[in-house]
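There are 2 protein chains.
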Amino acid sequence: MMKEMQARLRLVFGTANQRTFLVPGSGSSAMEMAVLNFVEPGMKVAIFANGHFSNRLTEMAERQRAQVVRLDRPWGEVFGAEEAGAFIERERPHVVGFVQGETSTGAYQAGSAITQAAHRVDALVIGDCVTSLGAMPVELDRNGIDIAYSCAQKGLSCPAGLSPISINERAWERLAKRAEPTWSWYLDARLVAKYFEPAHVYHHTPATALYHAMYEGLLMVEEEGLEARWERHRRAGAQLVSGLTQLGFEPLVSKPENRLWHLATVKPPAGLDEAALRQRLLERHNIDVATGLGQLAGKILRIGVMGPLATEERVGYLLGAIKQEMQ
Amino acid sequence: MMKEMQARLRLVFGTANQRTFLVPGSGSSAMEMAVLNFVEPGMKVAIFANGHFSNRLTEMAERQRAQVVRLDRPWGEVFGAEEAGAFIERERPHVVGFVQGETSTGAYQAGSAITQAAHRVDALVIGDCVTSLGAMPVELDRNGIDIAYSCAQKGLSCPAGLSPISINERAWERLAKRAEPTWSWYLDARLVAKYFEPAHVYHHTPATALYHAMYEGLLMVEEEGLEARWERHRRAGAQLVSGLTQLGFEPLVSKPENRLWHLATVKPPAGLDEAALRQRLLERHNIDVATGLGQLAGKILRIGVMGPLATEERVGYLLGAIKQEMQ
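In structure tokens:
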């Protein structure tokens, strides 16, 4: 089962990385495995900061007593190659972190604008693919992401609690040169990786129920076909944004090519009480729509259409419910 | 749901500790939360070492750059008050770790022999209750354990992946005085505790499927009654050890009062191939019996009768299968 899951995870990650396996915890546990194994005390870490989860990356790097430098952009925007290059060449960091699919803003940044600059100064790149994996192109190898992690419950539509990670050979070699052991035993990448190697060296007791669910979820991705799945999410997202725009909502992410397909982040029309709308959707339609996180709390709606929800019929139903409750 | 689960967890832990909640990972993630929040770099940590999981505690304390001192006893034995007191008074540690229910050996140590000595030198005591919780008395408050953790899949018989922890006021006050933040964000006890407080401040995405299972599992403990549940495990264990002894097996833990009720650890009779016996039990009877861990690998059988397996009928079936496959 583990071997089959690893092969299917490589497919959705778009990588040949041998070290592609599952972290025993939420997406944030996988984020922490990425940070605490590859960031050592005193290292310089450059964070591309444009949302809630780049702040979390910052905090985790600081917990490793790294020297963190940030390039900040307003939430909802992404970074261009020129500014990314100038920042990295000025700072010359050991490790670079960015968020490919930022769930707090709905922004999508494939990554190559950042990774090309990072590799010129020999930095490792950590890419947060929590929201992108399984719903739109992640393409680690093509985008040059050295260490990537995700979660179970978004694009893969499995129960939460078991989180994919993928680490390339370049990063793995760097890990072997760590001066001191990681500060966590539970999230030591080398120990967890050994559990997935053919000898399956005991590390922790696996959450077997979640393994079976993930196995099935990955099989469903394979059966649908990864590109067909992307296309389904792309179409459903376009339908949603188009419908919301007609209802007077305005996308937070201005350029369509920088938007996550399966997560619409929209500002409500003037005068609309977004909290009351969300409450009515939940009570009357059993539809759970999120508000913004952090600085966007109360200012935007975040509407996910992922996995089984990413169909024309479901999006139509959702738009109908929103229209009804706006009246 | 969280509030009800916390109340029922306090019941099985035998505590009034307000900070009794769930760690998002395996039992070892809860062990690591206990160690990395309460052990700071340079602190002296005293480990009572008599099995595989006291070795794991040692490794985790070393990862926090603590100065670890150990009192070792042969695997299968427990510690007396006199030797515990002498060790602690000589070493005067900041933190003491011991294992109440040691799954690698089948030994049970309630803890007061250790905690009384530890509190005389103002040390905090971490008690590993992974194997004891829900099947036999844990009694944190009576035994003086300051920080305890467990798992889902043993005495509570829930799916693995979500792990109880309980921290008393004395330890919580010590935590507030930490000089520096913990090295892990994911396992920062204060952040996870806040998620369980009435404001439910978002920390990680919960494994909702496992929460529902734990909720039901704890309800079943309450319905059965905690003391009735203990008694059921005690009777089933006595029946198992008695039957195994009649078949020529010898308990590893010599004194009955030091044995876990629901986990028999036995040396096979001379000439019996334990690996072949376990293989036949698995293939012909669908019964999975474990071998020893670490230094006891291949030397003992470890036979758990927990939760729904701790009945006269199930133990009788198990003993019948072992008898049949020994012939």
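Each protein sequence line maps, in turn, to chains H and B. The first sequence begins at 6 in my numbering and counts up one residue at a time. The second sequence begins at 6 in my numbering and counts up one residue at a time. For glycine and all other residues, C-beta sits at the position ideal for the given N, C-alpha and C.
Please decide whether residue i counts as near chain H, where near means a Cβ-Cβ distance under 7 Å.
i, result
"B/Tyr220", "no"
"B/Met65", "yes"
"B/Ala214", "yes"
"B/Arg353", "Within the shown structure, residues of chain B are numbered from 6 to 332, placing residue 353 of chain B beyond reach of any answer."
"B/Thr210", "yes"
"B/Ser33", "yes"
"B/Glu107", "no"
"B/Gly102", "no"
"B/Glu9", "no"
"B/Glu236", "no"
Name the one or two DSSP bridge partners that residue i has.
i, result
"H/Pro256", "H/Val271"
"B/Pro169", "B/Leu27"
"H/Ala123", "H/Ala123 is not bridged to any residue."
"H/Arg75", "H/Ile52"
"B/Glu107", "B/Ala112"
"B/Asp133", "B/Val104, B/Tyr154"
"B/Gly309", "B/Leu268"
"H/Ala21", "Its beta-bridge partners do not exist; DSSP assigns none."
"H/Ala91", "Bridge partners of H/Ala91: none, in fact."
"B/Thr296", "B/Leu306"
Taking 7 Å as the threshold (beta carbon to beta carbon), is residue i in contact with chain B?
i, result
"H/Pro46", "no"
"H/Gly111", "no"
"H/Pro29", "yes"
"H/Glu37", "yes"
Thinking residue i and residue j are a contact (beta carbons under 8 Å), I'd like their distance in whole angstroms, please.
i, j, result
"H/Arg13", "H/Leu145", "Rounded, the Cβ-Cβ distance is 14 Å, inconsistent with contact."
"B/Gly309", "B/Leu268", "5 Å"
"B/Gln105", "B/Cys134", "5 Å"
"B/Met141", "B/His238", "6 Å"
"B/Met65", "H/Trp190", "5 Å"
"B/Ala112", "B/Val258", "5 Å"
"H/Arg24", "H/Ile172", "4 Å"
"B/Leu76", "B/Phe53", "6 Å"
"B/Val143", "B/Gly19", "5 Å"
"H/Ala89", "H/Val74", "The pair is not a contact, with the Cβ atoms about 13 Å apart (cut-off 8 Å)."
Using the rule of at least 16 other Cβ atoms within 10 Å of the residue's Cβ for burial, across every protein chain shown, is residue i buried or exposed?
i, result
"H/Ala91", "exposed"
"H/Gly325", "exposed"
"B/Leu314", "buried"
"B/His4", "Since the first and last residues shown for chain B are 6 and 332, residue 4 of chain B lies out of range."
"B/Arg179", "buried"
"H/Ser137", "buried"
"B/Arg208", "The sequence given here has His at residue 208 of chain B, not Arg. Buried, by the Cβ-count rule."
"H/Ala35", "buried"
"H/Leu22", "The residue asked about is misnamed: residue 22 of chain H is Asn in this sequence, not Leu. The residue in question, H/Asn22, is buried, as its Cβ has 16 or more Cβ neighbours within 10 Å."
"H/Val206", "exposed"
"B/Glu45", "buried"
"B/Arg97", "exposed"
"B/Glu107", "buried"
"B/Thr213", "exposed"
"H/Asn55", "buried"
"H/Asp193", "buried"
"B/Pro79", "exposed"
"H/Gln11", "buried"
"H/Pro273", "buried"
"H/Ala275", "exposed"
"H/Ser31", "buried"
"H/Pro186", "exposed"
"B/Ala71", "buried"
"B/Pro261", "exposed"
"B/Leu354", "Absent from the model: residue 354 of chain B. The displayed extent of chain B is 6 to 332, so no value can be given."
"H/Asn148", "buried"
Confirm the yes/no value for this check: CB of residue i, any heavy atom of the ligand ATP, distance under 6 Å.
i, result
"B/Lys304", "Looking for the ligand ATP in the displayed structure turns up nothing, as the structure carries no ligands at all."
- Task: Closer than 9 Å, Cβ to Cβ, to anything on chain B: give me those residues from the segment 165 to 191 of chain H, in chain order.
- Result: Ala165, Gly166, Leu167, Glu185, Pro186, Thr187, Trp188, Ser189, Trp190, Tyr191
- Scan the segment 291 to 320 of chain B for residues whose Cβ lies nearer than 7 Å to a Cβ of chain H and list them as they occur along the chain. none
- Task: Please name the residues in the segment 147 to 165 of chain H whose beta-carbon is closer than 8 Å to at least one beta-carbon of chain B, in chain order.
- Result: Cys156, Gln158, Pro164, Ala165
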